[in-house]
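Residue numbers (our numbering), protein chains in the order written: chain A, 1 to 355; chain B, 356 to 710.
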C-alpha cells in the first residue's frame, strides 16, 4: 500500500499484541493467539499488506460465525521419517502451517529432507512466512497452497474453478539476503482488482480477460472477468500442479469444492497446504553453498541494466529491506484499516483501540 | 513441427535403432547408446521435436570434439537415505539423468521421498521424460535444469546471464492421462525465434524485448533482444530459483559460468539437473488419490469453454495422445532433419541412412 499523509505507522510489537489480544478475546487460547499474531505481523513486516493484520477483521468474522475450531487437535494422521499428512482440524491456518513447518524442519534436520502436507486447514497468511522458516536451519523451504476463492478459469475456459494458487521458495544465502520467491500463479490478485475499482482506476491489459478472451481493463466489470494466469497456458499448468500437490494429494479442496471464504464465513474450507524443508548440506558444505549463492546474487544484481532501471532486485530482496525499514519506522496502515481494527477492538472491548 | 507434404514418418523403433547405431559408431558403449536413444525417441514421441533425434547432429559434434566423456563413471558423491548428489563425470546427459532418476525412484520406494541432484552433466533432452519415470511407481516426479545457453536477462537487465531454465512435474492419474507439466520459464525458446527468422515470419509481442524493454517482433533482430520470462518478474524469480536448485545447489553452472553449448562444442558444460520422486501413498491410499485426480481432471476438462475453444486440455494431455498417434503413424521428420541425419549416417557408415 502506498503511504499518504493519512497513513499511520505502528510499531510491529504493538500490532502483534493487538492481534494476539483480539484473537484471545475471540476465544483462542493465549498461546495459539500469540502464534497467529506473530505470523500475521511477519507478513506486514515483509510488506505483504494484504496478508497480515488487514485480514484480522475477516478472521474474526469467521471465528464468530463458528467457521474456525478454537480448540483443535492439529496432528499427523500419516507419518514416516520424511513425510507427514497433517489434519488441521479446522484450526486457524497459521497454527496448522506453523505446526506443519516445524514438523518438516525437525524431520529434515534428522533425515535431510521432508515434505509435509496439510488438509482441513484455513487461510494461513503469506506463503513466504512458512517457506522462510527453514532458512535459519540452513535449509531450503518450499510452500504451496490452494487459494481460498476461485477467480480464474482453466486455459480456454470461462468457469471460475481455479484460484491464485501461490508458490513460495526460500533459499539461504551468506552475507546477502536470502532468495525468497513468493508468487501467485495469476498475473495479479483479485484484491488488487477490487482496490482499483474502489479508486476508480483502470487495470492494465494482461491482468484480466473477459469471457471472450479479450483484455478487460475496467475493474468495475470484474465480475464478468477472469484473472489471467502468469505466462498464459504455462501459468495455468503450474496452477493445476500446485492445486494437486497442495490440495488433492492432501485430501483438501481443489476445484469446484473450494469454498469462497469471502462469501461464506461459516463453512469449513478444508484448505490444503504443503511445506518442504531440505538441508543444503545434503549437497554442498553449507559455507560453500552460501558463498556460491552470494556470488550468483551479486552477479545478477551487478549485471548491466536497462537505461531506465535503477537497480536489479533478487526475489525477496525488496522484502528483506522492507522488514528492516518497518522494524525501525513502524508498519504503515491506511485510515480504513485502522478504522476497521478500531471497531473490532471496540466490539471486543480491547484496551488498545489503535487510537 | 507442422507437417507438410514433404514430412516423412518413421517408426519409433527405427529411429531409436538409428540413434543407438549412430551413438555406438561415435564411440559410446552399446548399452549406453541404447539408453540415450530411448530417451531421445521418448521426446520425439511426446512431440518435443526440438529435444529428440533433432539433437543427434549436435550431440555428435560434441562427441567428436571431445566434449563428452564416452567412458564415464556416473556415481553418487554424497548420499543418504533420501538425497544424493551425483557426479555425471561429463557423460551424455541422458545417462546421468537416467541414473539419477532411477536412484531417486529406488530411494523413494524405500523411504517415501527422494531428491537427487546432479552436476557435471550435459543436455539431457526433454524434462518430461524424467519427471514421468516415477509415474509407473505411483510416484510424483519433479525435474528442473539449468538451460545450456543464456538468452535471458535478469528483470530490468540487459545482460544475457539466464537461460530458459525449465521445470517439469508429473502426477499419476487413474483412468485419465497423467498430469505432466513441462515448461520453460521463458515465454518461448530461442529455437522458435530462430525458426521464425528462417521462415521470414514475425514473432508475437511478448516473446522478446529489446534492450530498452520494448517488444521486439522481428526475429532477424534477435541478437539485439532478450527472451521474456513468463509472467514478467514472476517468471524471472522462478527462473532464478530453478537455477539455484538445479545448478548452484549441485555445484553446477548457473549464470555467467554457463557454457553456450551451441557455440562451444568442446568445453565442459557442468550442466546441473535435479529430480524428485515421491510416493503418493505417503498421503493418500493410491487408489483414492488416483480417483480424486481423475475427478479434478474431468471437472477441468468439462468446465464451460470460451465460444471459440473446442476443448480444454490438462497439462501433458496433448502429449499423451501424441504418443499414441506417433506410435501408430510414426514420428514425423521434416526434410532438413532427415537430410542432416542422413549425412551423419554417411559419415559414420551406418547401414540405415533413412533413405
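All C-beta atoms in this analysis are idealised placements derived from N, C-alpha and C, irrespective of residue type, glycine included.
Item to complete: Using only alpha-carbon positions, find the residue among 139/A, 143/A, 162/A that is nearest to residue 149/A.
Response: Here residue 149/A corresponds to residue number 149 of the first chain, with the count starting at 1. Closest by alpha carbon: 162/A.
Worksheet entry | Coarse secondary structure for residue 134/A, derived from DSSP in three states | Walking along the first chain from the start, residue 134/A turns up at place 134. Of the three classes helix, strand and coil, the one that applies to residue 134/A here is helix, per DSSP.
Fill in: Candidates 367/B, 383/B, 507/B: closest to residue 402/B by CA position
Sequence index remark: in the second chain, residue 402/B carries index 47 (1-based). Ranking 367/B, 383/B, 507/B by Cα distance to residue 402/B puts 367/B first.
Worksheet entry | Short-range partners of chain B found in the segment 99-132 of chain A, where Cβ spacing is below 8 Å | Of all residues in the segment 99-132 of chain A, the ones placed with a Cβ closer than 8 Å to any Cβ belonging to chain B are 111, 112, 113, 114, 115, 117, in chain order.
Practice prompt. Take residue 274/A as the anchor and find which of 124/A, 282/A, 321/A has the nearest alpha-carbon.
Written response: Locating residue 274/A in the first chain gives position 274, counting from the first residue. Nearest of 124/A, 282/A, 321/A to residue 274/A, Cα basis: 124/A.
Item to complete: Leaving out five residues on either side along the sequence, give the residues of the same chain with a beta carbon under 6 Å from the beta carbon of residue 681/B.
Response: Counting from one through the second chain, the residue named residue 681/B turns up at place 326. Taken in chain order, the residues that qualify are 400.
Discussion item. What does DSSP give as the partner residue(s) for residue 525/B in the beta ladder?
Written reply: By one-based count along the second chain, residue 525/B stands at place 170. The partner list for residue 525/B (beta bridge, DSSP) reads 496/B, 535/B.
Fill in: Boundaries of the beta strand (DSSP E) in which residue 271/A is found, first to last residue
Mapped onto the first chain, residue 271/A falls at position 271. From DSSP, the beta strand (DSSP E) with residue 271/A extends over 271-279.
Discussion item. For the segment 552-571 of chain B against the segment 581-592 of chain B, do three or more pairs of beta-carbon atoms, one drawn from each stretch, fall closer than 8 Å, so that the two count as touching?
Written reply: These segments touch.
Worksheet entry | Short Cβ contact (9 Å threshold) for residue 696/B with residue 688/B | Locating residue 696/B in the second chain gives position 341, where the first residue counts as 1. Locating residue 688/B in the second chain gives position 333, where the first residue counts as 1. One thing to note: residue 696/B has its Cβ within 9 Å of the Cβ of residue 688/B.
Worksheet item: Distance, Cα to Cα, residue 413/B vs residue 395/B?
Response: As a working mapping, residue 413/B is identified with position 58 in the second chain. As a working mapping, residue 395/B is identified with position 40 in the second chain. Their Cα atoms are separated by approximately 13 Å.
Practice prompt. Could you name the residues of chain C that residue 155/A contacts, counting a contact when the two beta carbons are closer than 8 Å?
Written response: Annotation note: the requested chain C is absent from the structure, which comprises protein chains A and B.
Practice prompt. Report the neighbours of residue 624/B on chain A: residues whose CB is nearer than 7 Å to its CB, in chain order.
Written response: Taking the second chain and counting its residues from 1, one reaches residue 624/B at position 269. Under the 7 Å cutoff, chain A gives no residues; its nearest Cβ is about 17 Å from residue 624/B.
Discussion item. So, at 6 Å on beta carbons, what are the nonlocal neighbours of residue 277/A in its own chain, with the 5 sequence-adjacent residues on each side left out?
Written reply: For the purposes of this step, residue 277/A is identified with residue 277 of the first chain, where counting begins at 1. Only 104, 105, 108, 114, 134, 139, 141 meet the Cβ criterion.
Worksheet entry | Of the listed residues 704/B, 702/B, 691/B, nearest to residue 362/B (C-alpha basis) | In the second chain, residue 362/B corresponds to position 7, counting from 1. Nearest of 704/B, 702/B, 691/B to residue 362/B, Cα basis: 691/B.
Discussion item. Determine whether the beta carbon atoms of residue 475/B and residue 451/B lie at a separation below 9 Å.
Written reply: In the second chain, the residue the question calls residue 475/B occupies position 120. In the second chain, the residue the question calls residue 451/B occupies position 96. Contact: yes.
Discussion item. Cutting at 6 Å between CB atoms, please list the residues of its own chain near residue 418/B, excluding the five before and the five after it.
Written reply: In the second chain, residue 418/B corresponds to position 63, counting from 1. Once the five neighbours on either side are set aside, the close Cβ partners of residue 418/B are 381.
Worksheet item: Tell me the DSSP bridge mates of residue 331/A?
Response: As a first step, residue 331/A is located in the first chain; it is residue number 331 there, counting from the start. According to DSSP, which records beta bridges pairwise, residue 331/A is partnered with 10/A.
Discussion item. Which same chain residues end up closer than 7 Å to residue 513/B when comparing Cβ atoms and leaving out the 5 residues on each side of it in sequence?
Written reply: Within the second chain, residue 513/B is the residue found at index 158, counting from 1. Closer than 7 Å at the Cβ level, and outside the excluded window around residue 513/B, lie 566, 581.
Discussion item. Here's a check: name, in chain order, each residue in its chain whose Cβ is nearer than 6 Å to the Cβ of residue 182/A, leaving out the five neighbours to either side.
Written reply: Your numbering for residue 182/A matches position 182 in the first chain. Here the set comprises 127, 128, 168.
Worksheet entry | Cβ neighbour criterion (16 or more within 10 Å) applied to residue 321/A | Residue mapping note: residue 321/A aligns to position 321 of the first chain, counting from 1. Burial call: exposed.
Discussion item. Distance cutoff 9 Å, beta carbons only. Does residue 644/B sit that close to anything in chain A?
Written reply: What you label residue 644/B is simply residue 289 of the second chain in a count that begins at 1. Yes, residue 644/B counts as interfacial toward chain A.
Discussion item. Between residue 547/B and chain A, is any beta-carbon pair separated by less than 9 Å?
Written reply: As a first step, residue 547/B must be located in the second chain, where it is residue number 192. Residue contact check for residue 547/B against chain A: no CB pair falls below 9 Å.
Worksheet item: According to the neighbour-count rule (16 or more other Cβ atoms, all chains shown, within 10 Å of its Cβ), is residue 351/A buried or exposed?
Response: Taking the first chain and counting its residues from 1, the one referred to as residue 351/A is at position 351. So residue 351/A ends up on the exposed side.
Discussion item. Only counting the same chain, and skipping five residues up and downstream in sequence, which positions put a Cβ closer than 7 Å to that of residue 375/B?
Written reply: Locating residue 375/B in the second chain gives position 20, counting from the first residue. Taken in chain order, the residues that qualify are 388, 389, 392.
Worksheet entry | Cβ-based contacts, 7 Å cut-off: residues of the segment 418-439 of chain B near chain A | The segment 418-439 of chain B vs chain A, Cβ under 7 Å: 433, 435, 436, 437, 438.
Worksheet item: Are the beta-carbon atoms of residue 685/B and residue 409/B separated by less than 9 Å?
Response: Along the second chain, one-based indexing puts residue 685/B at 330. Along the second chain, one-based indexing puts residue 409/B at 54. No, these two residues do not count as a Cβ contact at 9 Å.
Worksheet entry | Members of the segment 562-586 of chain B that neighbour chain A once the beta carbon cut-off is set at 7 Å | Residues 566, 567, 568, 585, 586.
Worksheet entry | Own chain residues within Cβ distance below 6 Å of residue 543/B, not counting five before or after | To locate residue 543/B, count along the second chain from 1; it is residue 188. Within the same chain, Cβ atoms closer than 6 Å to the Cβ of residue 543/B are found at 562, the five residues on either side in sequence being excluded.
Item to complete: Would you identify the three-state DSSP class for residue 346/A, choosing helix, strand or coil?
Response: Against the first chain, residue 346/A aligns to sequence position 346. Helix, per DSSP.
Discussion item. With H, G and I counted as helix, E and B as strand and the rest as coil, what does DSSP make of residue 706/B?
Written reply: For the purposes of this step, residue 706/B is taken as the residue at position 351 of the second chain. Of the three classes helix, strand and coil, the one that applies to residue 706/B here is coil, per DSSP.
Worksheet item: Which of the three DSSP states, helix, strand or coil, is assigned to residue 338/A?
Response: The residue given as residue 338/A occupies position 338 in the first chain. For residue 338/A, the secondary structure class from DSSP, reduced to helix, strand or coil, is helix.
Worksheet item: Candidates 198/A, 240/A, 236/A: which alpha carbon is nearest residue 221/A's?
Response: The count along the first chain starts at 1 and reaches residue 221/A at position 221. Of 198/A, 240/A, 236/A, the residue nearest in Cα terms is 198/A.
Item to complete: Could you tell me whether the Cβ atoms of residue 344/B and residue 471/B are closer together than 9 Å?
Response: No answer is possible for residue 344/B: it lies beyond the span of chain B, which begins at 356 and ends at 710.
Worksheet item: residue 609/B versus chain A: which residues are under 7 Å apart at the beta carbon?
Response: Locating residue 609/B in the second chain gives position 254, counting from the first residue. The answer, in chain order, is 296.
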